[in-house]
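Peer 1:
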Amino acid sequence: MHALITDLFPICRSITGDGFRASLRRLSEVVPITLNEVPTGTQVFDWTVPKEWNIRDAWIADADGRRWVDFHDSNLHVVNYSIPVRTRMSLADLKGHLHTLPGQPDLIPYRTSYYAEDWGFCLSQRTLDQLPDGEYEVCIDSTLVPGHLTYGECLLPGSVADEILISVHSCHPSLANDNLSGMAVAAFLARHLSDHPRRHTFRFLFIPGTIGSITWLALHEAETRKIRHGLVLSCLGDPGPLTYKRSRRGTAAIDRAATHVLKEQGAHAIRDFVPYGYDERQYCSPGFDLPVGCLMRTPNGEFPEYHTSADNLDFVRSESLEHSLRQTLAIIEILEYDELYVNLNPKCEPQLGRRGLYDSKGGTAPPDFQMAMLWVLNLSDGHHRLIDIAERAALPFVTVRDAAQALRDVGLLGVVEESKTERSAVPVRSQFTRSVPPSPALKPSRATS
Amino acid sequence: MHALITDLFPICRSITGDGFRASLRRLSEVVPITLNEVPTGTQVFDWTVPKEWNIRDAWIADADGRRWVDFHDSNLHVVNYSIPVRTRMSLADLKGHLHTLPGQPDLIPYRTSYYAEDWGFCLSQRTLDQLPDGEYEVCIDSTLVPGHLTYGECLLPGSVADEILISVHSCHPSLANDNLSGMAVAAFLARHLSDHPRRHTFRFLFIPGTIGSITWLALHEAETRKIRHGLVLSCLGDPGPLTYKRSRRGTAAIDRAATHVLKEQGAHAIRDFVPYGYDERQYCSPGFDLPVGCLMRTPNGEFPEYHTSADNLDFVRSESLEHSLRQTLAIIEILEYDELYVNLNPKCEPQLGRRGLYDSKGGTAPPDFQMAMLWVLNLSDGHHRLIDIAERAALPFVTVRDAAQALRDVGLLGVVEESKTERSAVPVRSQFTRSVPPSPALKPSRATS
Amino acid sequence: MHALITDLFPICRSITGDGFRASLRRLSEVVPITLNEVPTGTQVFDWTVPKEWNIRDAWIADADGRRWVDFHDSNLHVVNYSIPVRTRMSLADLKGHLHTLPGQPDLIPYRTSYYAEDWGFCLSQRTLDQLPDGEYEVCIDSTLVPGHLTYGECLLPGSVADEILISVHSCHPSLANDNLSGMAVAAFLARHLSDHPRRHTFRFLFIPGTIGSITWLALHEAETRKIRHGLVLSCLGDPGPLTYKRSRRGTAAIDRAATHVLKEQGAHAIRDFVPYGYDERQYCSPGFDLPVGCLMRTPNGEFPEYHTSADNLDFVRSESLEHSLRQTLAIIEILEYDELYVNLNPKCEPQLGRRGLYDSKGGTAPPDFQMAMLWVLNLSDGHHRLIDIAERAALPFVTVRDAAQALRDVGLLGVVEESKTERSAVPVRSQFTRSVPPSPALKPSRATS
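Chains as they are written, first to last, in the working numbering: chain A, 1 to 449; chain B, 1 to 449; chain C, 1 to 449.
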């Protein structure tokens, strides 16, 4: 995944334009992604798809022709969505268009001006302080004209039409953690899932932040009803522990699955929904209120490298990316395997011993797998799903799931069919929920790119 | 307020009588208060309005005529509601009628005997210990005869008939914190509210403890249905932090408003309802179960000066009284401004930037006011009132209220009309909930008396 | 009780057989117990009543005839339910049938093989290590043939048919705490209750673990509907603090009563239900979900003596047994006296003073009994039972119960009749809930046996 990020890093992305398209094409080498184009001016709820922005060059030169700021050094140097400029001005006038981080004097900030036509440069405070008085030549060789907003989509059909949505904002320029890390994890997750049987249908969206999710929701309102669970992936490459931000609902299945996995894997943070952050803001707006949470390592704004030139290739780590992918898969595995079972022998315990499921020698406490069977039998009353049982029993979901499968295999457990959206009459699903533990199948392949 | 308390302090109040009437007349100089008279013998639920008690003098003199205890030194010296006495008796017999505080030997206790005809004196243990043996002459020049129970009322009509009740027991004699402080805060609160537009109708009751609230409830049972919120005010002048005792319901709007304000203002305590304390006992009896809480500083029985001669003018402080008044107003402000709004653009976020409500430069976290708008938009789904949103967002109510007003001004928010008791067809209320922040209007005027 | 346990200790009990019957006969000297016999082969839900097991002798002797292991030293030496054996074998072969506790080398473990026909011996690791090489003669003089499963029952009718179930597993051989302690407490509890008026009907079951409760439930399914509350008693003689394991429901009346009593009496632990432990596993299976909790001191598996020869007569203590009995009675007392009352004077407080229930001198805080009356009056709105009120008021149940009785005696409180199963038209119950505190009547008599 780190190699993929290295390839994507230099591209100047924005919420529209060729940099976004080029990035999607590179991701398509990992897993096939469809590019969709929405014309400028399309009305999407309260918003309008903006003009398309492209940029080729930008610089600030002094009277001697020395280039103090150059787009080719870092695409963060230009305020994203700057209109074209070619002029001369005094340092005093120029300063009104310059952005720095006085508290982090060596770093270039990341700034945008998507919805107010303006131009500007970002540079380090150190550079600003060195600028000699005098006149400067300023060039931004950009275009901002009617065109399209582009987004990428990867749809992986499952045995049911119920969908799991994975959404990643893919519009930031040279910022590695925010959000090349999310793009890489999503692409490799999609590749892995495409190679394995799936119960749910998976929809991956690679979209520009805010306007992208608003556009997709506005143009696919009917399809949103199929979304059963969703995850926004972002900032998954830094060395911090995982953070899960709950959906607006707070107790949706995705919230419980993510909480279960994060608890199992060690240090972590669980946060309540707030209407700020990434595209979960749109998915969780009250008119949709979709069960979409957000998985991150260190959240937006909480690492000093955030939205600066220090969010670079050194900041994201292979082991963090791999770990993020594994835990995302573990969350998905719960969503895939969670079921509502009923104990078919609900009066007293069944005699597990004669079915070979319980030690015949009495007198000692049972191991986890046997305890998991007792829990599944006791709580499978039509009101507790496997995730409920795992939480109540304080056992790993996989242990509870395997215990349920063993009980199902000997006819002690029946599944309550819930989904109304089966895609075929063929019981592909029972094939999927076979007793062979599916963990190896879902184990992520080693990431290579 | 302290000057008002200083004037009221020497008056010998009781649950009936001229001292109570004189106190109401003094309060009427701050805000007009109507005096109501209920005849002795009136049946009020399980109780009967008692005979009226008045007292002119009382003393204990030894054989030499030396007055060891004199009502004119402190009206606490007489057990409140003592029947008239004029007799001679030995020290041994007299002691059966004397009350002291052995653990606080310099203080005079406060004792009453409203419902059992009896007499007695309260004095310091120090004085008791000095009484020489011998015969004593005892005089209580009181009357206990059919008359009236008096209570004061101040009704401030609002734009709706829904009422906020403010109830203060006003029957204690020379005890400054319990409850001249509550009487003073209530009077100045009423004066302030009388000068400003009001949504709710405000009803202030200055009543004798227990029998007063029982009498009012018994005689105004139908009117209790208009009470939407209520506060008992007591012990608001001591130097301790504020304490709010929840209504019996525990989660009423008054409970949440008071909790919000107390959290915002610093050190405080929130307590669950208990059926002991002040008149909230009656308002919260199960047959009424009104949403009435109690605001205090240090609660009854928890300061050593409680119900002793040490609860005097030195014990109550101007800054405590002023602070209590300000916080009471802040609680009322929440009740006045709390609304149920609906987001009129519920699908995705509206574009606040083009309405001038959001910074056009992207890349940094929004300030509180913008966060408050995002919260209001996200949670205004018909299930969350402004106070809910303020609590969920951990933002001050005023910030959330102002954000809601800004959104309402640009047509993004609609108000859910709830009240069935509009007093007039004229939309006075929309005038009240104008976008101008009402804080200054509700800011307490400097207390002078 | 300790004397009773001393008598029972040497008897070799199992889930069937004459040792079980002999134990019930000894318990019958404390309180009459009916013996019930269920034939081998009876189908009980998913299980079958097993063959009856009896044993007379068992030993392991070396070639010199020296008996290294002898059943008459400790009946734990034989794996419970061992089939008859009389053979010679090498030490190596013999070891496949030997069970020790290497971590507790001086103790004999307790092992069973009820449902897999097998045989074996349990011995200390110390003895095993001393066994010389060579051939051994092995004898288990047991029978495992069709017969009966025995259980004991003691039914104490109350004024209502609603039942409180007390269940004790009585199948373990020479293990004093697990569960001769439970058997002794149950027998003395039954004897005590048999001497006093009862509201509920009490059903005591002395049963073999697991198969016993399954058998009783299968054969008395209709009767289970009468069970309103239930307790499994086990491990009640060790020196540890009391532990209550909640029923599956978690908030049943028995759970709240037990929690209340355990909090009142000092150090304790409250645990959530888990589907492992004693016969609550069966009572709380989802097809029954009876409100049955489990009262223990140190739980199964958590004391080092558990299921070893160290769980002997020295391990159980008279004071622990007595304390367990007293607290069990206190729990039952709550179940017996808990009522749903309604305040017949719900508007404002009634005037308790003129009924002699409240101090006529005002000015000081009321004592617990008066506070309890205020609480009962305030919360008796048809939604709060006495146990709710005691919990909310943080007062002992007995204080609240006595306060309710006092209020009932003066006509301020009415009882809401809930039970549909009155056994007689005679108001025996009002006789039971008389105002005389029933505590002395329910106080356990000194245990003697």
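Note that CB positions come from ideal geometry on N, CA and C, so glycine has one too.
Every value quoted in this text rests on a predicted model; they were computed, and no experiment measured them.
Should Gly19/C and Val79/C be called a contact, given that it needs their Cβ atoms to be closer than 8 Å?
Peer 2: Position 19 of the third sequence, counted from the first residue, corresponds to residue 19/C. Position 79 of the third sequence, counted from the first residue, corresponds to residue 79/C. The answer is no: Cβ separation not under 8 Å.
Peer 1: Take every Cβ of the segment 278–289 of chain A, pair it with every Cβ of the segment 343–359 of chain B, and state whether three or more of those distances are shorter than 8 Å.
Peer 2: yes
Peer 1: What is the rounded straight-line gap between the Cα of Asp238/A and the Cα of Val342/B?
Peer 2: Residue 238/A sits at position 238 when you count from the first residue of the first sequence. Residue 342/B sits at position 342 when you count from the first residue of the second sequence. Approximately 39 Å between the Cα atoms of the pair.
Peer 1: In this structure, how does DSSP classify Val400/A when only helix, strand and coil are distinguished?
Peer 2: Position 400 of the first sequence, counted from the start, is the residue given in the question as residue 400/A. Assignment of Val400/A by DSSP, reduced to helix, strand and coil, places it in the helix class.
Peer 1: Within the same chain, show all residues whose beta-carbon is closer than 8 Å to that of Thr421/A, passing over the 5 residues directly before and after it, in chain order.
Peer 2: The residue you call residue 421/A lines up with position 421 of the first sequence. Its pLDDT being 40, under 50, Thr421/A is placed unreliably in this model, and the coordinates cannot settle the point.
Peer 1: According to DSSP, is Phe369/B helix, strand or coil?
Peer 2: Working through the second sequence from its first residue, we reach residue 369/B at position 369. In the structure shown, Phe369/B sits in a helix (DSSP, three-state: H, G or I).
Peer 1: Is Trp375/B close to chain A, meaning its C-beta is less than 8 Å from at least one C-beta of that chain?
Peer 2: As a position in the second sequence, residue 375/B is number 375, starting the count at 1. For Trp375/B, the answer is yes, since a Cβ of chain A falls inside 8 Å of its Cβ.
Peer 1: Tell me whether Ala310/B is buried or exposed, calling it buried when 16 or more other Cβ atoms sit within 10 Å of its Cβ.
Peer 2: By 1-based counting over the second sequence, the position of residue 310/B is 310. Classification for Ala310/B: buried.
Peer 1: Using 8 Å as the threshold, is the segment 329–336 of chain C in touch with the segment 20–35 of chain C, meaning 3 or more CB pairs across them?
Peer 2: no
Peer 1: Quick one, are the C-beta atoms of His169/C and Gly230/C less than 8 Å apart?
Peer 2: Within the third sequence, residue 169/C is the residue found at index 169, counting from 1. Within the third sequence, residue 230/C is the residue found at index 230, counting from 1. At a Cβ-Cβ threshold of 8 Å, His169/C and Gly230/C do not count as neighbours.
Peer 1: What are the partner residues of Val292/C, as DSSP defines its beta bridges?
Peer 2: Start at 1 with the first residue of the third sequence, and residue 292/C comes out as number 292. Looking at the DSSP assignment, Val292/C forms a beta bridge with Gly230/C.
Peer 1: How about Pro463/B and Gln125/B: are their beta carbons less than 8 Å apart?
Peer 2: Not covered by the structure: residue 463/B. The range shown for chain B is 1 to 449.
Peer 1: Closest to Pro208/B by C-alpha separation, out of Ala253/B, Tyr276/B and Cys171/B, would be which residue?
Peer 2: As a working note, residue 208/B is residue 208 in the second sequence. Looking from the CA of Pro208/B, the closest CA among Ala253/B, Tyr276/B and Cys171/B belongs to Cys171/B.
Peer 1: List the endpoints of the continuous beta strand (DSSP E) containing Ala258/A.
Peer 2: Locating residue 258/A in the first sequence gives position 258, where the first residue counts as 1. It is not in any beta strand (DSSP E) - Ala258/A instead sits in the alpha helix (DSSP H) that spans Ala253 to Gln265.
Peer 1: Is the separation between the beta-carbon of Asp62/A and that of Trp53/A shorter than 8 Å?
Peer 2: Residue 62/A sits at position 62 when you count from the first residue of the first sequence. Residue 53/A sits at position 53 when you count from the first residue of the first sequence. Contact flag unset, no.
Peer 1: Examine chain B for any beta-carbon lying closer than 8 Å to the beta-carbon of Val428/A, and answer yes or no.
Peer 2: Within the first sequence, the letter at position 428 stands for residue 428/A. In this predicted model, Val428/A has a pLDDT of only 33, less than 50, meaning its place in the structure is not dependable; the value taken from the coordinates is given anyway. Output row for Val428/A: interface = no.
Peer 1: Is the Cβ-Cβ distance between Leu397/B and His260/B less than 8 Å?
Peer 2: Taking the second sequence and counting its residues from 1, the one referred to as residue 397/B is at position 397. Taking the second sequence and counting its residues from 1, the one referred to as residue 260/B is at position 260. With the sequence shown as reference, residue 397/B is identified as Phe, and Leu is not the correct amino acid for it. Against a cut-off of 8 Å, the Cβ pair of His260/B and Phe397/B comes out as a contact.
Peer 1: Would you mind working out which of Tyr115/A, Pro50/A and Thr143/A sits nearest Val85/A, comparing C-alpha positions?
Peer 2: For the purposes of this step, residue 85/A is taken as residue 85 along the first sequence, with counting starting at 1. The shortest C-alpha separation from Val85/A is found at Thr143/A.
Peer 1: Counting only runs that start and end within the segment 292–345 of chain A, where is the beta strand (DSSP E) found for 3 or more residues in a row?
Peer 2: 292–296 and 340–343
Peer 1: At a Cβ cut of 9 Å, what residues of the segment 137–167 of chain B count as close to chain A, listed as they run along the chain?
Peer 2: none
Peer 1: Using a Cβ cut-off of 8 Å, pull out every chain C residue sitting near Met46/B, in sequence order please.
Peer 2: Indexing the second sequence from 1 puts residue 46/B at position 46. For the record, residue 46/B in the displayed sequence is Asp; it is not Met. Under the 8 Å cutoff, chain C gives Asn345, Cys348, Glu349, Pro350 and Gln351.
Peer 1: At a Cβ threshold of 8 Å, is Asp279/C touching chain B?
Peer 2: Sequence index remark: in the third sequence, residue 279/C carries index 279 (1-based). No, because no Cβ of chain B sits closer than 8 Å to the Cβ of Asp279/C.
Peer 1: Smallest Cα separation from Gly301/C: which of Val292/C, Ser318/C, Pro286/C and Tyr278/C?
Peer 2: As a first step, residue 301/C is located in the third sequence; it is residue number 301 there, counting from the start. Among Val292/C, Ser318/C, Pro286/C and Tyr278/C, the Cα nearest to that of Gly301/C is on Tyr278/C.
Peer 1: 8 Å is my cut-off, CB to CB: does Pro367/A come that close to chain C?
Peer 2: Counting from 1 along the first sequence, the entry for residue 367/A is found at position 367. No, its Cβ sits nowhere closer than 8 Å to a Cβ of chain C.
Peer 1: Based on the DSSP output, what are the partners of Arg67/C in its beta bridges?
Peer 2: Mapped onto the third sequence, residue 67/C falls at position 67. According to DSSP, Arg67/C bridges with Ala61/C.
Peer 1: Quick one: Cα of Thr6/C to Cα of Leu313/C, how far?
Peer 2: Counting from 1 along the third sequence, the entry for residue 6/C is found at position 6. Counting from 1 along the third sequence, the entry for residue 313/C is found at position 313. Thr6/C and Leu313/C: Cα-Cα distance of roughly 7 Å.
Peer 1: As a quick exercise: from Lys51/B, Glu137/B and Gly182/B, pick the residue whose alpha carbon is nearest that of Leu206/B.
Peer 2: As a position in the second sequence, residue 206/B is number 206, starting the count at 1. Reading off the sequence shown, one finds Phe at residue 206/B, where the question assumed Leu. That would be Gly182/B, whose Cα lies nearest to the Cα of Phe206/B.
Peer 1: Could you list the residues in the segment 292–303 of chain C with a C-beta less than 7 Å from some C-beta on chain A, going in chain order?
Peer 2: Gly301
Peer 1: Have a look at Leu534/B and Leu374/B and give me their C-alpha separation to the nearest angstrom.
Peer 2: This structure leaves residue 534/B out entirely; chain B is present only between 1 and 449.
Peer 1: Mapping DSSP to helix, strand and coil, what is Ser167/C?
Peer 2: The count along the third sequence starts at 1 and reaches residue 167/C at position 167. Reduced to three states, the DSSP call for Ser167/C is strand.
Peer 1: So, is the C-beta of Met371/A closer than 8 Å to a C-beta in chain C?
Peer 2: By 1-based counting over the first sequence, the position of residue 371/A is 371. A Cβ of chain C is located within less than 8 Å of the beta carbon of Met371/A.
Peer 1: Pair every Cβ in the segment 86–96 of chain B with every Cβ in the segment 133–143 of chain B, then say whether three or more of these pairs are closer than 8 Å.
Peer 2: yes
Peer 1: Could you spell out the range, first to last residue, of the beta strand (DSSP E) harbouring Glu450/B?
Peer 2: No information on residue 450/B is available, as it lies outside the stretch 1 to 449 that chain B covers here.
Peer 1: Hey, does His220/A have any beta-carbon neighbour from chain B nearer than 8 Å?
Peer 2: The count along the first sequence starts at 1 and reaches residue 220/A at position 220. Not an interface residue.
Peer 1: For Thr40/C and Arg271/C, what's the separation of their Cα atoms in angstroms?
Peer 2: Indexing the third sequence from 1 puts residue 40/C at position 40. Indexing the third sequence from 1 puts residue 271/C at position 271. Between Thr40/C and Arg271/C, the C-alpha separation is close to 36 Å.
Peer 1: Measure the Cβ-Cβ separation of Asp289/A and Arg354/A and say whether it is below 8 Å.
Peer 2: Locating residue 289/A in the first sequence gives position 289, counting from the first residue. Locating residue 354/A in the first sequence gives position 354, counting from the first residue. No, they are not a contact pair.
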